[in-house]
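Asker: Position 220, counted from 1, in the sequence shown is what UniProt numbering calls 220; the numbers after and before it change by one each time, with no gaps.
Glycine included, each C-beta is placed from N, C-alpha and C at the ideal position.
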Amino acid sequence: MDLRVRIGNKHLQTPVGVASGTFGYGEEYEPFLDLDSLGAIYTKAISLLPRQGNPTPRIVETPSGMLNAIGLANVGADAFITEKIPYLARLSSCAVIPNISGKTEQEYLDLVEKLDPYDTLWGYEINLSCPNVKKGALAFGTDPAQVESITRKLRDLTEKPLIIKLSPNVTDIACIAQAAEAGGADAVSLINTLVGMVIDTRAKKPFLANKTGGLSGPAVRPIGVAMTYKTARSVDIPVIGMGGITCADDAIQYLLAGASAIQVGTWNFIEPATAGEIATGIQAYMKEHALSTIADFHNCID
């Protein structure tokens, strides 16, 4: 039984990763599970300069999920290099994949160029899909031409795996994935959060200071699975599925839909050890159903 997943010129040891924005920079979760048992840690978003994020309140619970409008608050590239990479360098088998965010195309390029010399970093997840910032991210991620252009320029800067994170807040996510593939991406990851709003009826105003936020959690899983299914049949590069994964069965739905790997997100806040348990559950399913590799999942559904 082989759980490895090839992305670009490298392999993940298992298909199970933890999603950016839900796992800090990894160190915060060390008390709860063996980080080296994970396939990948997709770090909290990193921007060229530190970001304070959006004003509060910026999180609100919803039925079967939550809305967040954090606004990509982070320590910035320099602090990531001096304060976070030394800890992450201690990991021996888990892939460390920073989530890259910029306000302009040039910021994305400058950030990858700045980080690329550090061997600790396995590859990059390029965030072209965050709905909670005023500039960048979603503005790039909804235009196929811009997605292809920025991916092609990033491809010229690094030989490490390049994963483009896609937004569900588009008319045709497969079209955006095809643009990323045309630009040289090694994989696409999806879905990021869906735009939503909660209104405080007593105060007669949106609960979040940003008014809208990104919906995540179990409520979005059927959408994530459907978009994974569609995208996996539209591109030849691996698809990394996410959205509402809480257990092995949820993850297996994504693998059967065509994902080569998955990310656990919001559920990390509730059950911090979930990702490790999911990897064990996938192995048990593979044994029960006589599946030898992750690719074997893809032959089960037309």
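In the DSSP assignment, the beta strand (DSSP E) including residue 12 goes from what residue to what residue?
Answerer: Segment 10–12, the beta strand (DSSP E) holding residue 12.
Asker: Just confirm the distance between the C-beta atoms of residue 186 and residue 157, as a whole number of angstroms; I'd bet it's less than 8 Å.
Answerer: Actually they are not in contact, since the Cβ atoms of residue 186 and residue 157 sit about 14 Å apart, beyond 8 Å.
Asker: In the structure shown, what three-state DSSP assignment does residue 26 receive?
Answerer: Coil.
Asker: In the DSSP assignment, what residue or residues form a beta bridge with residue 263?
Answerer: DSSP lists 17 and 242 as partners of residue 263.
Asker: Taking 8 Å as the threshold (beta carbon to beta carbon), is residue 53 in contact with chain C?
Answerer: Of the protein chains in this structure there is only one, and it is not chain C.
Asker: Measure the Cβ-Cβ separation of residue 147 and residue 174 and say whether it is below 8 Å.
Answerer: For residue 147 and residue 174, no; Cβs fall outside 8 Å.
Asker: In its own chain, which residues sit with a C-beta less than 7 Å from the C-beta of residue 177, not counting the 5 before and 5 after it?
Answerer: Within the same chain, residue 177 has close Cβ partners 166, 188, 231, 234 and 235.
Asker: What residues match up with residue 206 in a beta bridge as DSSP calls it?
Answerer: In DSSP, residue 206 forms a bridge with 199.
Asker: Ends of the alpha helix (DSSP H) at residue 277?
Answerer: Start and end: 274–288.
Asker: Express the C-alpha separation of residue 266 and residue 272 in angstroms, rounding to a whole number.
Answerer: Cα to Cα, residue 272 sits roughly 10 Å from residue 266.
Asker: Sort out for me which residues DSSP pairs residue 189 with in a bridge.
Answerer: DSSP output for residue 189 lists 165 and 240 as bridge partner(s).
Asker: Have a look at residue 27 and residue 145 and give me their C-alpha separation to the nearest angstrom.
Answerer: Approximately 37 Å, taken between the alpha carbons.
Asker: Compare the beta carbon distance of residue 203 and residue 56 with 8 Å and say whether it is the shorter of the two.
Answerer: The answer is no: Cβ separation not under 8 Å.
Asker: List in chain order: all unbroken alpha helix (DSSP H) runs of 4+ residues lying wholly within the region 86–160.
Answerer: The qualifying runs are 105–115, 138–141 and 144–155.
Asker: Check whether the region 87–99 and the region 56–67 touch, using three or more Cβ-Cβ pairs below 8 Å as the test.
Answerer: No, because fewer than three Cβ pairs between the region 87–99 and the region 56–67 fall closer than 8 Å, the two stretches do not touch.
Asker: Assign residue 125 to buried or exposed, taking buried as 16 or more other Cβ atoms, counted over all protein chains shown, within 10 Å of its Cβ.
Answerer: By the neighbour-count rule (16 or more Cβ atoms within 10 Å), residue 125 is buried.
Asker: Is it right to say residue 299 is buried, meaning 16 or more other beta carbons lie within 10 angstroms of its own, or is it exposed?
Answerer: So residue 299 ends up on the exposed side.
Asker: Between which residues of its own chain and residue 257 is the CB-CB distance below 6 Å, once the five residues before and five after are set aside?
Answerer: Only 225, 228 and 229 meet the Cβ criterion.
Asker: Using only CA atoms, which one of 32, 197, 20 and 262 lies nearest to residue 74?
Answerer: Here the closest residue by C-alpha is 20.
Asker: Would you mind giving the Cβ-Cβ distance between residue 194 and residue 223, rounded to the nearest angstrom? I have them listed as a contact below 8 Å.
Answerer: Sure, about 7 Å apart at Cβ, within 8 Å.
Asker: With 16 other CB atoms within 10 Å as the buried threshold, where does residue 47 fall?
Answerer: The residue in question, residue 47, is buried, as its Cβ has 16 or more Cβ neighbours within 10 Å.
Asker: With DSSP collapsed to three states, give me the class of residue 184.
Answerer: Coil.
Asker: Please name the residue or residues paired with residue 66 in a DSSP beta bridge.
Answerer: Paired residues: 61 and 216.
Asker: Count the other C-beta atoms from every protein chain shown that fall within 10 angstroms of the C-beta of residue 303, then say buried if there are 16 or more, exposed otherwise.
Answerer: Nothing in the structure corresponds to residue 303, since the chain is present only between 1 and 302.
Asker: Output yes or no for whether 8 Å exceeds the beta carbon distance between residue 285 and residue 252.
Answerer: Yes.
Asker: Cα separation between residue 287 and residue 242?
Answerer: Residue 287 and residue 242: Cα-Cα distance of roughly 23 Å.
Asker: In chain order, what residues of the same chain have a beta carbon less than 8 Å from the beta carbon of residue 205, not counting five sequence neighbours either side?
Answerer: The residues are 199.
Asker: Within 10 angstroms of its Cβ, does residue 9 collect 16 or more other Cβ (buried), or is it exposed?
Answerer: The residue in question, residue 9, is exposed, as its Cβ has fewer than 16 Cβ neighbours within 10 Å.
Asker: Using C-beta distances below 7 Å, list every residue in its chain close to residue 112, excluding the 5 sequence neighbours before and after it, in chain order.
Answerer: Same-chain partners within the cutoff: 100, 124, 154, 157 and 158.
Asker: Opposite residue 226 in the DSSP bridges: which residues?
Answerer: Per DSSP, none; premise fails for residue 226.
Asker: Could you tell me if residue 248 is buried or exposed, where buried requires 16 or more neighbouring beta carbons within 10 angstroms of its beta carbon?
Answerer: Per the 10 Å Cβ criterion, buried.
Asker: Hey, residue 192 and residue 22 are a contact pair by Cβ (cut 8 Å); roughly how many whole angstroms apart?
Answerer: With a Cβ gap of about 12 Å, residue 192 and residue 22 do not count as contacting.
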